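Undergrad: So that we are looking at the same thing, I have put the structure below in structure tokens.
Residue numbers (this note's numbering), protein chains in the order written: chain A, 1408 to 1958; chain B, 1318 to 1465.
Written as structure tokens, this is what we have:
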């Protein structure tokens, strides 16, 4: 959400903050309750201050926006505040984007894109050039964003007798949309109006949206001027062809090859493509709640940290709401002990294959794991995201034995090298970042062991993509001996190499268990050293295609 | 054969009723105040959570109105004793007592079950109590005005 910038909404200690990036130095000055950013090229004097007027994000990542003096056009402060780490980082290094892209969102981006969803009923109102006269109904995600227009509701409910009539019956108030009482698309699109990859039906609708804001109202079954873009469905084929022609990377930046969404913040694409959704009952509200009004709800901080889930929805209870019979045959279905992470519905059917805000997140497209998804589309499968030290061939055999899945044709590497290692060493940046996060996932560490993870995470500290380095660092901190390991993931190549060398020495000589046993699939010999010929070959085979995940 | 009660004795009895009720009522509602402070002190979620603001308001109003109406009952009783020839009618005496019961009880019951921003059904006792209070206060004012 976007809020008005104030001491209460901005990160603490912004006064006198000094940062530098891409040849420009920035200094923040506080005047009463307002903050101003002064800039200068190295060696020059500081410019007059530009006031920080808005800030987007609240509990994960915060990006301030500056006035430009050009109407209501805003300019991005080029640094984002990572709340959990209490640190500033260049915005371009808080996304998974090619390292040569220094500025992606700059002047006018908030007006032209961010405000579509980060405020309530925003109107971009393009003027000319890169000038905007943007307006909003309310900052933040306010009541009407999910409950539709409230004027009639407010007017009619001034009458206390009407209110008590509604209180004393189970009927909902027809003057107000309540997504929690709707099912399927009616409910899901209240969230999906923002939490989806969407596009405009045509230029007329785009202009109308720009001038007057969204005409979609929660409760409706389609997005009016817009549509949810699903690459694998037959709807809106003309519009999707137009997108393919004019923005060739659009789908690759957002979807896996089979059409499954791979960026966070667009969960409705996954929900809509799930088999559960076809039943007509399933929606976001099946598992999430927005108002903490269910009995036994979590405290606010836990709720915000755990995806705003309803009580018990972080367990199999979520799926058992519908799949009631599964509880009795859980072990027969999963082939894992009932209380193990292998019997968690989420871990197999909603693995962490989407990425955004610097971490891997669960896919919201309910699916079953397969080796085919990994070898055809590159998406890490759920089995090997836990059994990191096992090969794709091992997984293929298990899925064949247990679920009669055909065994696909596999390469020699797929038969001898752990899938996790292949993805983190020779995968593309999208795969590497999922594994950099995944190697720090406790259930996987318990299953696959921790000893062999160190060298791969240390190696990933020098990855060309900042997001990969960040997640490798955070995962490394989950391992014994490295909890307090300090690392500047935005540093120069030299600093990164030095830090990795320091970490490797620390592991090899201080932390490594001399009695540790390394499976051959991990490519480590009995002394914890890489089988250099294979490791170097995998390095040279790294998929260096440019990856930008447009979360 | 019915025994007639002297008029002065009836008036004294009415005044005594309001005085007695007023002091007991004051004890009850001051105790309620103590109970509410205790809920604050121990940060009981049922009372202090953000979503329970309506309950907090209703209980506070019950405490305030109960205490104030107890004092009004005491004032009415003392007025009879202090002002010569002032007669506290039996209807006024009972109206004051019922007002002192219904008004705070309405607020209190309205706070037990709440509907988001609205109190529970018990709050409908409040206007009934308010009418009785208005009647009794107006009646006392008029009767006092007639005394020369």
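For each residue, glycine too, the CB sits at the ideal point set by N, CA and C.
Predicted model, so just to flag it, every value in this text is computed and none were measured.
Is there a Cβ from chain B that is less than 7 Å from the Cβ of residue 1570 of chain A?
TA: Cβ-Cβ to chain B under 7 Å: yes for residue 1570 of chain A.
Undergrad: Quick check on DSSP: helix, strand or coil for residue 1556 of chain A?
TA: Residue 1556 of chain A falls in the coil class under three-state DSSP.
Undergrad: Could you list which residues in chain A have their beta carbon closer than 7 Å to that of residue 1432 of chain B, in chain order?
TA: Those within 7 Å of residue 1432 of chain B in chain A are 1574.
Undergrad: Spell out the partners DSSP gives residue 1768 of chain A in its beta bridges.
TA: According to DSSP, residue 1768 of chain A bridges with A:1761.
Undergrad: For the alpha helix (DSSP H) containing residue 1533 of chain A, name the first residue and the last one.
TA: Not the alpha helix (DSSP H): residue 1533 of chain A falls in the beta strand (DSSP E), residues 1533 to 1535.
Undergrad: If you follow the beta strand (DSSP E) that residue 1481 of chain A is part of, which residue opens it and which one closes it?
TA: Unbroken beta strand (DSSP E) run through residue 1481 of chain A: 1481 to 1483.
Undergrad: Could you round the C-beta distance between residue 1621 of chain A and residue 1632 of chain A to whole angstroms and report it? I think they count as a contact, below 8 Å.
TA: 7 Å between Cβ atoms; contact.
Undergrad: Report the residue from A:1589, A:1785, A:1766, A:1700 whose alpha carbon sits nearest the alpha carbon of residue 1664 of chain A.
TA: Closest option to residue 1664 of chain A, Cα to Cα, is A:1785.
Undergrad: From the DSSP output, which residues share a beta bridge with residue 1432 of chain B?
TA: BP columns for residue 1432 of chain B point to B:1435.
Undergrad: Check the Cβ-Cβ distances between residue 1466 of chain B and every residue of chain A, and say whether any is below 7 Å.
TA: Residue 1466 of chain B falls outside the range modelled here, since chain B spans only 1318 to 1465, and no answer is possible.
Undergrad: Give the C-beta separation of residue 1541 of chain A and residue 1626 of chain A to the nearest angstrom, bearing in mind that I take them to be a contact with Cβ-Cβ under 8 Å.
TA: That pair is no contact at about 26 Å.
Undergrad: Please name the residue in A:1580, A:1949, A:1925 whose C-alpha comes closest to that of residue 1938 of chain A.
TA: Comparing Cα positions, the closest option is A:1925.
Undergrad: Would you mind reading off the limits of the alpha helix (DSSP H) that contains residue 1449 of chain B?
TA: Where residue 1449 of chain B is concerned, the enclosing alpha helix (DSSP H) stretches over 1442 to 1463.
Undergrad: Consult DSSP for residue 1717 of chain A and reduce its assignment to one of helix, strand or coil.
TA: The answer is coil: DSSP assigns residue 1717 of chain A none of H, G, I, E or B.
Undergrad: Could you have a look at residue 1712 of chain A and say whether DSSP puts it in helix, strand or coil?
TA: Of the three classes helix, strand and coil, the one that applies to residue 1712 of chain A here is helix, per DSSP.
Undergrad: Helix, strand or coil: how does DSSP classify residue 1329 of chain B here?
TA: Three-state result, residue 1329 of chain B: helix.
Undergrad: Could you tell me the distance, in whole angstroms, from the CA atom of residue 1943 of chain A to the CA atom of residue 1693 of chain A?
TA: Cα to Cα, residue 1943 of chain A sits roughly 47 Å from residue 1693 of chain A.
Undergrad: To the nearest whole angstrom, what separates the beta carbons of residue 1971 of chain A and residue 1840 of chain A, a pair I think is in contact under 8 Å?
TA: No information on residue 1971 of chain A is available, as it lies outside the stretch 1408 to 1958 that chain A covers here.
Undergrad: Taking all protein chains shown into account, decide if residue 1535 of chain A is buried (16 or more other Cβ within 10 angstroms of its Cβ) or exposed.
TA: Result: exposed.
Undergrad: How many whole angstroms separate the CB atoms of residue 1776 of chain A and residue 1755 of chain A, which I take to be in contact at a CB cut-off of 8 Å?
TA: Their Cβ separation, rounded to whole angstroms, is 6 Å, which keeps residue 1776 of chain A and residue 1755 of chain A in contact under 8 Å.
Undergrad: Roughly how many angstroms separate the alpha carbons of residue 1506 of chain A and residue 1471 of chain A, rounded to a whole number?
TA: Distance between the alpha carbons of residue 1506 of chain A and residue 1471 of chain A: 22 Å.
Undergrad: Return the Cβ separation of residue 1342 of chain B and residue 1416 of chain B in integer angstroms, given the expectation that the two are a contact with Cβ distance under 8 Å.
TA: Actually they do not touch by this definition, with Cβ atoms about 11 Å apart.
Undergrad: Which residue marks the beginning of the alpha helix (DSSP H) containing residue 1595 of chain A, and which one marks its end?
TA: Taken as a continuous stretch (DSSP letters only), the alpha helix (DSSP H) holding residue 1595 of chain A covers 1591 to 1599.
Undergrad: Pairing CB atoms from the segment 1734 to 1748 of chain A with CB atoms from the segment 1759 to 1772 of chain A, are three or more of them under 8 Å?
TA: Segments in contact, no.
Undergrad: Could you give the distance in angstroms between the alpha-carbon of residue 1444 of chain A and the alpha-carbon of residue 1706 of chain A?
TA: Straight-line Cα distance between these residues: approximately 36 Å.
Undergrad: Thinking C-alpha only, which one of A:1904, A:1852, A:1905, A:1872 is nearest residue 1884 of chain A?
TA: Cα-wise, what sits closest to residue 1884 of chain A is A:1852.
Undergrad: Rank A:1493, A:1477, A:1724 by C-alpha distance to the C-alpha of residue 1420 of chain A and give the top, closest one.
TA: Looking at the Cα atoms, A:1493 is the closest of the given residues.
Undergrad: Excluding five sequence neighbours on each side, which residues of the same chain lie with their C-beta closer than 8 Å to the C-beta of residue 1457 of chain B?
TA: The residues are 1393, 1396, 1405, 1409.
Undergrad: Hey, is residue 1704 of chain A's beta-carbon within less than 7 Å of any beta-carbon in chain B?
TA: Judged by the 7 Å Cβ criterion, residue 1704 of chain A is not in contact with chain B.
Undergrad: Would the beta-carbon of residue 1604 of chain A fall within 7 Å of that of residue 1676 of chain A?
TA: Yes, the Cβ-Cβ distance between residue 1604 of chain A and residue 1676 of chain A is below 7 Å.
Undergrad: At 3 residues or longer, and completely inside the segment 1438 to 1495 of chain A: list those beta strand (DSSP E) runs for me, N to C.
TA: Taking only runs of at least 3 residues, the beta strand (DSSP E) segments lying wholly in the segment 1438 to 1495 of chain A are 1441 to 1448, 1457 to 1463, 1468 to 1474, 1481 to 1483, 1486 to 1489.
Undergrad: By Cβ distance below 6 Å, which residues in the same chain neighbour residue 1691 of chain A in space, the five residues on each side in sequence not counted?
TA: For residue 1691 of chain A, where only same-chain residues beyond five positions count, the Cβ hits under 6 Å are 1595, 1598.
Undergrad: Taking residue 2019 of chain A as the reference, give the member of A:1920, A:1548, A:1519, A:1547 with the closest Cα.
TA: Nothing about residue 2019 of chain A can be reported from this structure: the residues present for chain A run from 1408 to 1958 only.
Undergrad: Can you check DSSP and say which residues form a bridge with residue 1427 of chain A?
TA: According to DSSP, which records beta bridges pairwise, residue 1427 of chain A is partnered with A:1432.
Undergrad: Whose C-alpha, out of A:1463, A:1818, A:1477, is nearest the C-alpha of residue 1457 of chain A?
TA: Minimum Cα distance to residue 1457 of chain A is reached at A:1477.
Undergrad: Taking only three categories from DSSP, how would you classify residue 1689 of chain A?
TA: Of the three classes helix, strand and coil, the one that applies to residue 1689 of chain A here is coil, per DSSP.
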